[in-house]
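Read through the structure below, which is laid out as structure tokens, and then see the notes.
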Amino acid sequence: MRQVLNVYLVKIKAVLGAVRASRINLLLIYLYLFGASIGSFGLGMGLGQSLRFINPVSFIDETSALISAFLAIAITLSFRGFTVFDYEESLFFTSTITPRAFIAATMLSDLTVFSIFLIPLFLTLWVFTTTLALPLTTSLSLLATATLLLVSIAFIKQSLSILISIRKEPMLRFILVLIIALLLLPAASFIDPCFPLRYKPLPYPSTFAAEVLLHLLSREAPPTISLLGFFLYLAFSTTLFIICSGRDVFRYARPIPFYSAFDASMRAQTIKMKRSIRAFSKMGMKFTLDLKPSPISHFLIRKELIQMVRDGSLFFVTLLYVIVLIIGLASEKSPSAWILVLAIYSLLIPTMLTVNWRIGEIDCLWTLLTSPLNLKIFFSSLLYAFIAVSTSIPTVTILILGILTRSNIVMPLFLAASASMIGSSANLFVTIHFLERRRRATSGVIVAWLSFLLSGILLAPAYACIGLSLIFETSFFTDLLFGALILLYSYVIFRFLLERIEHKALSIEI
Amino acid sequence: MTPILEVYDLWKSYGEIQALRGLTLRVERGEIFGLIGPNGAGKTTTLKIIVGLLSMDRGKIIVDGVDITKQPYEYKRLIGYVPESISLPEYLTLEEFLIYSGRIRNVPNELIRERMNYYLKVFELENKRRSLILSLSRGMRQKAAIAAALIHDPELLILDEPLVGIDPVGQHRIKEIFSERVKEGKTVFISTHMLDTAERMCSRVAVIHWGRIVASGDLSTLRGIAREGANATLEEVFLKLTEESEEFNPWKADNEAGS
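Here the protein sequences line up with chains A and B, keeping their order.
At position 95 of the first sequence the residue is numbered 95 (this note's numbering), and the sequence of numbers has no breaks.
Each number in this note's numbering corresponds to the 1-based position in the second sequence with 510 added.
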């Protein structure tokens, strides 16, 4: 027990050390807790109200699907194997600490750290039980059930990670994939109501848990079969954990660089970026840099696009817009307003791309700065690559939505192009400004926020044109005229900022 | 013939810390020149100012007759640089990185291909050419950075601790490359802690301490300055020179003034 406590304390100090390292990290936690707490109140009250008119069958189906999804995610995460932070390997694995004590301490510290993120969730539960006026015993039973469920999912994840590391047979992975498929298969009934499989009649742990939760909410005693099924699952996950944690797993551990969940520093971002490159580079290997004759600017644009593909930037931007497109198509009310909102928020793309460029390139800038290449050529190529991505994805989305909903998309298209040009150049300008030696320590979050602010201010005339167009319901040709003016203004800003970027880049010190 | 590199009265400070205090040195063509000094002496700062990664507070640097502050891009055609701590674009493959390094230095495609194949073979990295830099070991990355610095066949190759982290075979190959370059009339300027390597490789060395050059020349000249015998090694000479130059230690002066 003493060993567990010692390891636990070291691990907690390592994680919280990042908070002490920077006030920005602390500020981010407060911001998260503040924002999420406000959301939790709304969510708790909304859930409480909706459960007054509950349909027991759909409740079990939906809750079971949610728990199954969590379980499937936990199993998927276990495919990475048993990973430890690099400092843990050198500190604990060479000591007398047993694998079981280490794993127990790891789980405890993970739950402690996780519980900070879960504060809003507990708040939701409190508001929810208050809204339903549940007795204290029922509320506590609900809390205990949810906690046991979380712990058992953590047991499953940890045990399978150990098993995956020790047993390399493909059969084990195949079985786990099969289990994930089985867990998620009944969810097909949400898309197609005729699908024959549903969660409710299946003897899934998630279904047992959902039934227990439903009866607790209805202030009834849960059926014996559900309780038995739920506790059998808990017993199974605990036994599996006890057996797996008893193995000599230190020999199979895969060390990974340490970073804290609370750390927003450049170092932590770089580690995350490396993981992202590992995951996404495979799909980007068909798109390569080669020696085919091309102007240097084309070559550099290609290089930047390759970076966006291989570090996952392009994937996440596309994913965001696919989700937006689906929501836009599903929302029957005012598609035109949705398209306009979409165009306004396209300003996010240059910010995302610039943040990732900064993380991936800041340490490699020496290759560029010690070369005779004119920096203006490099930065204009970089901006064209940003503009290509941040214009094309919103444009395609707006076009699809516009065609399918027969909405007027002239002004949103101009706004998206303008946001792309101004957003890209403003973001890069602020990023380069903060690469100067005295400002280098500024947090990436502050840099991104200032970039976003500057982009928004510079886009004000474009927003004004859109506003005039909406208020006076201008004709198609007037919209075209406004659009041309917006593009001209954006181009002037782009050229001006490009000049400033080159000038500032000459004073970058590495 | 004009020297390939001339540095005059170079000053640089980081806030209150004075890193360089009137550093002056001269590197001739066709030599391997070593800059040696203790930790914090100002070696890396000097190199970074020369290659354009840091600005100087005061002073003048001339590369092949070109004042680097007046033509900040042009002189970089003449130099190749390998930093001490190497960060490379990890999302590129080794081959792509070398192509990129060649293209931004305006090297014709045919020459890039030829030199890339040559250095990948020399450094035994041929089987890694299509591997992401992310997957390369530290030594492999070091070799990749040296290959990139050589891809445009620079007149002046500047390297900060070039042999650290490289296996013995790799070190041998790098030393051979340096010797070949010197035979071709090119210059190699290295900063190092490895005094035995510097003694064997460099035709001349400069000893830097507390931000200024305390002695410069070939080993026999340094022995004379340090008043050491004819059999004294570079290490013995270095220790004597750095001990004598403690008078330049600004912290020591502060402490004495304080007491």
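The beta carbon of each residue, even a glycine, is placed where N, CA and C say it ideally should be.
Alpha helix (DSSP H) segment containing residue i, residue limits
i: residue 560 (chain B); result: 553-561
i: residue 734 (chain B); result: 729-736
i: residue 639 (chain B); result: Looking at the DSSP string, residue 639 (chain B) is not in any alpha helix (DSSP H), and its letter there is neither H nor E.
i: residue 663 (chain B); result: Unbroken run through residue 663 (chain B): none, as it is neither H nor E.
i: residue 749 (chain B); result: 744-754
i: residue 387 (chain A); result: 375-405
i: residue 706 (chain B); result: 705-711
i: residue 344 (chain A); result: 335-345
i: residue 452 (chain A); result: 444-458
Beta-carbon contacts of residue i that lie in its chain and below 8 Å, excluding the five residues immediately before and after
i: residue 769 (chain B); result: Low confidence applies to residue 769 (chain B): its pLDDT is 47, below 50, so where it sits in the model is not reliable enough to give any reading.
i: residue 2 (chain A); result: none
i: residue 733 (chain B); result: 739, 740, 742, 747
i: residue 185 (chain A); result: 197
C-beta contact flag for residue i and residue j at 8 Å
i: residue 72 (chain A); j: residue 180 (chain A); result: yes
i: residue 164 (chain A); j: residue 297 (chain A); result: no
i: residue 132 (chain A); j: residue 48 (chain A); result: yes
i: residue 615 (chain B); j: residue 662 (chain B); result: yes
i: residue 517 (chain B); j: residue 534 (chain B); result: yes
i: residue 400 (chain A); j: residue 325 (chain A); result: yes
i: residue 237 (chain A); j: residue 155 (chain A); result: yes
i: residue 643 (chain B); j: residue 592 (chain B); result: no
i: residue 183 (chain A); j: residue 68 (chain A); result: yes
i: residue 199 (chain A); j: residue 64 (chain A); result: yes
i: residue 667 (chain B); j: residue 684 (chain B); result: no
i: residue 56 (chain A); j: residue 214 (chain A); result: yes
i: residue 491 (chain A); j: residue 421 (chain A); result: yes
i: residue 81 (chain A); j: residue 159 (chain A); result: no
i: residue 308 (chain A); j: residue 353 (chain A); result: yes
i: residue 486 (chain A); j: residue 414 (chain A); result: yes
i: residue 639 (chain B); j: residue 630 (chain B); result: yes
i: residue 104 (chain A); j: residue 11 (chain A); result: no
i: residue 381 (chain A); j: residue 473 (chain A); result: no
i: residue 416 (chain A); j: residue 398 (chain A); result: yes
i: residue 563 (chain B); j: residue 574 (chain B); result: no
Inter-residue CB distance, residue i and residue j (contact presumed, cutoff 8 Å)
i: residue 659 (chain B); j: residue 590 (chain B); result: 3 Å
i: residue 379 (chain A); j: residue 501 (chain A); result: 5 Å
i: residue 375 (chain A); j: residue 506 (chain A); result: 7 Å
i: residue 545 (chain B); j: residue 718 (chain B); result: 6 Å
i: residue 555 (chain B); j: residue 701 (chain B); result: Not quite, the Cβ-Cβ distance comes to about 10 Å (not below 8 Å), so this is no contact.
i: residue 428 (chain A); j: residue 383 (chain A); result: 6 Å
i: residue 477 (chain A); j: residue 469 (chain A); result: Wrong, their Cβ atoms sit about 12 Å apart, outside the cutoff.
i: residue 542 (chain B); j: residue 698 (chain B); result: 5 Å
Cβ neighbours of residue i in the same chain (closer than 7 Å, five flanking residues each side left out)
i: residue 119 (chain A); result: 33
i: residue 277 (chain A); result: 310, 311
Where the beta strand (DSSP E) containing residue i begins and where it ends
i: residue 719 (chain B); result: 714-719
i: residue 690 (chain B); result: Note, residue 690 (chain B): premise wrong, no beta strand (DSSP E); alpha helix (DSSP H) at 678-693.
i: residue 591 (chain B); result: 589-592
i: residue 229 (chain A); result: From DSSP, residue 229 (chain A) is part of no beta strand (DSSP E) but of the alpha helix (DSSP H) over 224-245.
i: residue 255 (chain A); result: 254-256
i: residue 675 (chain B); result: No beta strand (DSSP E) holds residue 675 (chain B); DSSP gives it neither H nor E.
i: residue 529 (chain B); result: 527-537
i: residue 546 (chain B); result: 542-546
Buried/exposed call for residue i, threshold 16 Cβ in 10 Å
i: residue 84 (chain A); result: buried
i: residue 499 (chain A); result: exposed
i: residue 457 (chain A); result: exposed
i: residue 338 (chain A); result: buried
i: residue 636 (chain B); result: exposed
i: residue 221 (chain A); result: exposed
i: residue 328 (chain A); result: buried
i: residue 771 (chain B); result: No statement about residue 771 (chain B) is possible, as the shown extent of chain B runs from 511 to 769 and does not include it.
i: residue 8 (chain A); result: buried
i: residue 465 (chain A); result: buried
i: residue 88 (chain A); result: buried
Same chain only: Cβ atoms within 6 Å of residue i, ignoring 5 sequence neighbours per side
i: residue 437 (chain A); result: 509
i: residue 632 (chain B); result: 683
i: residue 4 (chain A); result: 101, 104, 105
i: residue 358 (chain A); result: 431
i: residue 552 (chain B); result: 529, 530, 718, 721
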